[in-house]
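According to full-length UniProt numbering, the sequence shown holds residues 1 to 178 in order.
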Amino acid sequence: NKSLERLDIKYLDLYLVHFPSFVFSKIKKHMRVMEQLLKEGKIRYIGVSNFSVEQFKEAEGLLKNSEIVANQLRANIKNQKHIHYSLPYYREEGVILTSYSPLGHRGYTNLSGELRSKLDQIAESHDATIQQIALAWLINHENVIAIPKSFRVKHIEENAAAAEIKLSEIEIKGIYNK
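Written out as structure tokens, the structure is:
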């Protein structure tokens, strides 16, 4: 209710339960509250953040009349574990993996080695920046969206342009680092 008042809105489209390590002992209560908020029309969808697949399954199993539609996770080309290990499950279940920090903690300006070389090559072939390729790599995966942080209009425009970049399967797999 405080969030709705603070935002001066009647409902939230998506409400997330964050960081299960702090809340998991109370997950049953949290899921009950989320379903009640949904029933009251205060939220439209239930999501979670930083839940492992196992925690996700347990939390969703506690819901009686609804489902969890998204899990917000740290995923980017330097931190690909969720793309390789969690995404197949979420894709099969129709759940969205929302990538926070999709450009990494400090971006990719000081990236070196084979990954930087691959990004440079792909960026050149698409007339794009390596940041755009990094975002495109994420959102070219089915059931993945990215929420990059930016304060500059130029960067916001560049980030939006990444959605227009269609990478080939070879390019996508070339960036994989299992």
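Glycine included, each C-beta is placed from N, C-alpha and C at the ideal position. Only a predicted model underlies this, so the values are computations on that prediction, with no experimental measurement involved.
Judged by DSSP in its simplified three-state form, Ala128 adopts coil rather than helix or strand.
Around the C-beta of Asn65, fewer than 16 other C-beta atoms lie within 10 Å, and the residue is accordingly described as exposed.
In this chain, the alpha helix (DSSP H) harbouring Leu4 covers 2–7.
When only Cα atoms are considered, Met31 and Pro88 end up about 24 Å apart.
Annotated three-state conformation of Leu37 is helix, per DSSP. Selection Glu60, Thr98, Phe56, Leu63 evaluated against Leu73 yields Thr98 as nearest (Cα-Cα). Boundaries of the alpha helix (DSSP H) around Gln55: 53–61. The continuous stretches of alpha helix (DSSP H) do not include Asn79, and DSSP gives it neither H nor E. Counting only the Cα atoms, Arg116 lies some 35 Å from Leu14.
For the region 128–173, the full-length beta strand (DSSP E) segments reaching 3 residues or more read 144–147 along the chain. DSSP places Tyr15 inside the beta strand (DSSP E), whose first and last residues are 12–18.
Around the C-beta of Phe151, fewer than 16 other C-beta atoms lie within 10 Å, and the residue is accordingly described as exposed. The region 36–49 and the region 117–125 do not touch, with fewer than 3 CB-CB distances between them shorter than 8 Å. In the three-state scheme derived from DSSP, where H, G and I count as helix and E and B as strand, Leu103 is classed as coil. The three-state secondary structure of Leu111, taken from DSSP, is coil.
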